[in-house]
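Undergrad: Sequences listed follow chains A and B, in order.
If you count by the numbering used here, then the first sequence holds residues 1 to 228, one letter each, in order.
If you count by the numbering used here, then the second sequence holds residues 229 to 510, one letter each, in order.
Where a beta carbon is used, it is the ideal one built from N, C-alpha and C, also for glycine.
Here you go, one structure.
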Amino acid sequence: MAVLKTENLKKYYGKDAILVKALDGIDLSVEKGEFLSIVGTSGSGKSTLLHMLGGLDRPTEGTVYVDGKDIFALKDEELTIFRRRKIGFIFQSFNLVPVLNVYENIVLPIELDGNPVDKAFVKEVIKTLGLSEKTYSLPSQLSGGQQQRVAIARALASKPAIILADEPTGNLDSATSQDVLSLMKITSQRYGQTMVMITHNEGIAQLSDRIVRIEDGKVIGKGGESHA
Amino acid sequence: MGIVRTNKTMKRLEQMLDDAIEGQFQEDNYDETELSRLESRWKQYLSSSRLSVEAARRERSEIKAILSDISHQTKTPLANIILYSELLKEQPLTPEGEAIAEQLHAQAEKLEFLIKALVKMSRLESDILEVVPRKQPLRPLVENAVKDAKARAEEKSITILEPDFDGIEAVFDLKWTEEALFNILDNGIKYSPKYSTITVSVKEYTMYVCIGVADEGPGIPEEERNRIFGRFYRSAGNQQEEGVGIGLYLAREIVKKNDGYIKAGPGTEKGSLFEIYLGKGV
Numbered sequence: 001m002a003v004l005k006t007e008n009l010k011k012y013y014g015k016d017a018i019l020v021k022a023l024d025g026i027d028l029s030v031e032k033g034e035f036l037s038i039v040g041t042s043g044s045g046k047s048t049l050l051h052m053l054g055g056l057d058r059p060t061e062g063t064v065y066v067d068g069k070d071i072f073a074l075k076d077e078e079l080t081i082f083r084r085r086k087i088g089f090i091f092q093s094f095n096l097v098p099v100l101n102v103y104e105n106i107v108l109p110i111e112l113d114g115n116p117v118d119k120a121f122v123k124e125v126i127k128t129l130g131l132s133e134k135t136y137s138l139p140s141q142l143s144g145g146q147q148q149r150v151a152i153a154r155a156l157a158s159k160p161a162i163i164l165a166d167e168p169t170g171n172l173d174s175a176t177s178q179d180v181l182s183l184m185k186i187t188s189q190r191y192g193q194t195m196v197m198i199t200h201n202e203g204i205a206q207l208s209d210r211i212v213r214i215e216d217g218k219v220i221g222k223g224g225e226s227h228a
Numbered sequence: 229m230g231i232v233r234t235n236k237t238m239k240r241l242e243q244m245l246d247d248a249i250e251g252q253f254q255e256d257n258y259d260e261t262e263l264s265r266l267e268s269r270w271k272q273y274l275s276s277s278r279l280s281v282e283a284a285r286r287e288r289s290e291i292k293a294i295l296s297d298i299s300h301q302t303k304t305p306l307a308n309i310i311l312y313s314e315l316l317k318e319q320p321l322t323p324e325g326e327a328i329a330e331q332l333h334a335q336a337e338k339l340e341f342l343i344k345a346l347v348k349m350s351r352l353e354s355d356i357l358e359v360v361p362r363k364q365p366l367r368p369l370v371e372n373a374v375k376d377a378k379a380r381a382e383e384k385s386i387t388i389l390e391p392d393f394d395g396i397e398a399v400f401d402l403k404w405t406e407e408a409l410f411n412i413l414d415n416g417i418k419y420s421p422k423y424s425t426i427t428v429s430v431k432e433y434t435m436y437v438c439i440g441v442a443d444e445g446p447g448i449p450e451e452e453r454n455r456i457f458g459r460f461y462r463s464a465g466n467q468q469e470e471g472v473g474i475g476l477y478l479a480r481e482i483v484k485k486n487d488g489y490i491k492a493g494p495g496t497e498k499g500s501l502f503e504i505y506l507g508k509g510v
């Protein structure tokens, strides 16, 4: 079953002469456990697409299904909760809370939800990501690569339906990037975690199971259909 | 009063779920309340789902047993067929007879290879042969796999360029990972033209090391890059090549069990580039 699916997804900005079609009818389907890359140049619509997939912004037309649920049929407050439970985000800018230590940052989304933390799982994720010695460090005491590893751990900890990663290595040098990407690949493999990664870099996209290319708000080629 | 009872019921429900997740749910209350009835139904559901999980597991192990029986029982007759086909080739035969005997021998060897690969696969999948990764030098792994591959490469006059490196360690199971790397080299040799070069490289990162195998073959179309690791997958354009489509599948399974991964992509100029990533255990 597809864990993520879009149908005729459109997002238009402005109107008439200055109408911008950021997304123009995207059909996409992602199977459970798949690691998908969405590749496009800047302005291709890939970031808009990620915002729609993550329920951060509403489309002009079309639907997004996560775990079989039409997420835009939800009210704003419901959507916020849905997002917290079902979607993990990894951003270029890490977005860690500076006054919380590594462990507290990782379990924050779970605790916000009032759920008990699966301590054994979190500990294992921390170990897999090579953060055991940094468990009680503050983000400011970490390198960029380490901070992004914390962000990956945070995304994984609540066992979401999908992890969405927006240029996860955008702020990292190429050697550090390779480690972060390897860890994303390994965790997706080990935990059967569905991941969707946005990047402008073809080389980075190669490690995913499938590449979808976006240009002028449209999927080009036949990458949109799942063949997993 | 009502709120207190609701709270208590919610607490009990949550407790029931937690117990179920841990696999140790027991019915606590036997009385005329809704909660007691719910507990009973919950217990029924858990028991039936556990039964179906067990049935699936049993079925899987039966299939594995059959597979290993088949491979075991076919071993001797197959070895005999190969032997007799060799004896047959030494007999005075018509040219046509010779050609047929040659075919017979080649096909029997192919069957033997296939059965061996199947046995390996079933053992790996059923965890009979365990992959035990441990931290050790990378050099023997690369050296051994390249040495084994060189014999095959020579048949096609293919040169294998080895990297020069020292002191790099990674976490892997030597015997199995050697097989994985060999399979990738073997695949490269199979699809590369004569007199071409295969370049093996080693790159070190903070947490991972990467062993690269670059060939000068036809390359792999993007939509096939993930499927080539599937069981019995053969590229449409390569049906005439010897092989059964198991080597890359095995390679990926082995590397996965070492908590690493394999990536396939285009080479810098032509051909394809396979990369094995292994953790350094830092």
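For Leu352/B, which of Arg380/B, Thr304/B, Leu501/B and Asp401/B has the nearest alpha-carbon?
TA: When only C-alpha atoms are compared, the closest one is Asp401/B.
Undergrad: Between the C-alpha atoms of Leu183/A and Ala479/B, what's the straight-line distance to the nearest angstrom?
TA: Each residue's Cα considered, the two are about 19 Å apart.
Undergrad: What does DSSP give as the partner residue(s) for Met195/A in the beta ladder?
TA: Paired residue(s): Phe35/A and Ile163/A.
Undergrad: Specify the secondary structure class of Asp209/A as computed by DSSP and reduced to three states.
TA: Here Asp209/A sits in coil by DSSP.
Undergrad: If you reduce the DSSP assignment to three classes, tell me which class Ala228/A lands in.
TA: Low confidence applies to Ala228/A: its pLDDT is 45, below 50, so where it sits in the model is not reliable, and the reading given next is rough at best. Ala228/A falls in the coil class under three-state DSSP.
Undergrad: Between which two residues does the beta strand (DSSP E) carrying Ile71/A extend?
TA: Ile71/A -> no beta strand (DSSP E), and no H or E assigned at all.
Undergrad: Got a sec? Which residues, its chain only, sit under 6 Å from Ala228/A by beta carbon, not counting five neighbours each side?
TA: For Ala228/A, the pLDDT reaches just 45, beneath the cut-off of 50, and the residue's location in the model is therefore unreliable, leaving the point undetermined.
Undergrad: Closest Cβ-Cβ distance between Gln178/A and chain B: below 8 Å?
TA: Chain B contact via Cβ: present.
Undergrad: Flag this pair as touching only if the stretch 189-209 of chain A and the stretch 34-47 of chain A have three or more C-beta atom pairs under 8 Å; answer yes or no.
TA: These segments touch.
Undergrad: Thinking C-beta only, is Arg210/A closer than 8 Å to Val219/A?
TA: No, these two residues do not count as a Cβ contact at 8 Å.
Undergrad: If distances are taken between C-alpha atoms only, which option among Gln92/A, Val180/A and Ile110/A comes closest to Ala157/A?
TA: If we check each option's Cα against that of Ala157/A, Ile110/A comes out closest.
Undergrad: Listed in chain order, which residues of the stretch 470-493 of chain B have Cβ atoms closer than 7 Å to some Cβ of chain A?
TA: Listed in sequence order: Lys484, Asp487, Tyr489, Lys491 and Gly493.
Undergrad: Determine the extent of the alpha helix (DSSP H) in which Gln147/A is found, giving its start and end residues.
TA: Run containing Gln147/A: Gly144 to Ala157, per the alpha helix (DSSP H) assignment.
Undergrad: Residues in the same chain with beta-carbon distance under 7 Å from Phe82/A, minus the five sequence neighbours each way, listed in chain order, please.
TA: These residues qualify, in order along the chain: Gly55, Ile71 and Leu74.
Undergrad: Does any residue of chain B bring its CB to less than 8 Å from the CB of Asp166/A?
TA: No, Asp166/A does not count as interfacial toward chain B.
Undergrad: Once DSSP output is grouped into helix, strand and coil, what is the label at Val219/A?
TA: In this structure, Val219/A counts as strand in the three-state DSSP scheme.
Undergrad: Just to check my reading of the structure: Arg46/A and Pro160/A have Cβ atoms closer than 8 Å, yes? What is that Cβ distance to the nearest angstrom?
TA: Residue identity differs from the one stated: residue 46/A is Lys in this sequence, not Arg. Actually they are not in contact, since the Cβ atoms of Lys46/A and Pro160/A sit about 20 Å apart, beyond 8 Å.
Undergrad: Chain B partners of Asp209/A, CB-CB under 7 Å?
TA: Neighbours of Asp209/A on chain B, chain order: Asn454.
Undergrad: If you measure between the beta carbons of Leu366/B and Ala408/B, is that distance less than 8 Å?
TA: Not closer than 8 Å, so no.
Undergrad: Starting from Gln189/A, find everything on chain B with Cβ-Cβ shorter than 7 Å and list it in chain order.
TA: The contacting residues are Lys484 and Tyr489.
Undergrad: When the Cα atoms are used, what is the spatial distance from Glu215/A to Arg233/B?
TA: Looking at the two C-alpha atoms, the distance is approximately 58 Å.
Undergrad: Considering only their Cβ atoms, is the gap separating Asp443/B from Ser385/B smaller than 8 Å?
TA: Result no, Cβ atoms of Ser385/B and Asp443/B do not sit closer than 8 Å.
Undergrad: Return the residue from the list Leu332/B, Arg453/B and Glu382/B that minimises the CA-CA distance to Ala492/B.
TA: Cα-wise, what sits closest to Ala492/B is Arg453/B.
Undergrad: What residues from chain B crowd round Lys185/A, counting only those whose CB sits closer than 7 Å?
TA: The contacting residues are Tyr489.
Undergrad: So what's Gly40/A in DSSP terms, helix, strand or just coil?
TA: Gly40/A falls in the coil class under three-state DSSP.
Undergrad: Between Gln148/A and chain B, is there a C-beta pair that is closer than 8 Å?
TA: Not an interface residue.
Undergrad: In terms of alpha-carbon separation, which member of Thr135/A, Ser177/A and Pro59/A lies closest to Arg154/A?
TA: Among Thr135/A, Ser177/A and Pro59/A, the Cα nearest to that of Arg154/A is on Thr135/A.
Undergrad: Inspect the beta-carbon positions of Gly197/B and Tyr433/B and report whether they are closer than 8 Å.
TA: Residue 197/B is absent from the model: chain B starts at 229 and stops at 510.
Undergrad: Report yes or no: is there a C-beta of chain B within less than 8 Å of the C-beta of Ser182/A?
TA: Closer than 8 Å: yes.
Undergrad: Residues in the same chain with beta-carbon distance under 7 Å from Tyr13/A, minus the five sequence neighbours each way, listed in chain order, please.
TA: Within the same chain, Tyr13/A has close Cβ partners Val20 and Ala22.
Undergrad: Return yes when the Cβ of Ala329/B is within less than 8 Å of the Cβ of Leu346/B, no when it is not.
TA: No, Cβ-Cβ distance for Leu346/B and Ala329/B is not below 8 Å.
Undergrad: Can you grab the Cα-Cα spacing for the pair Leu50/A / Glu77/A, in whole Å?
TA: Between Leu50/A and Glu77/A, the C-alpha separation is close to 20 Å.
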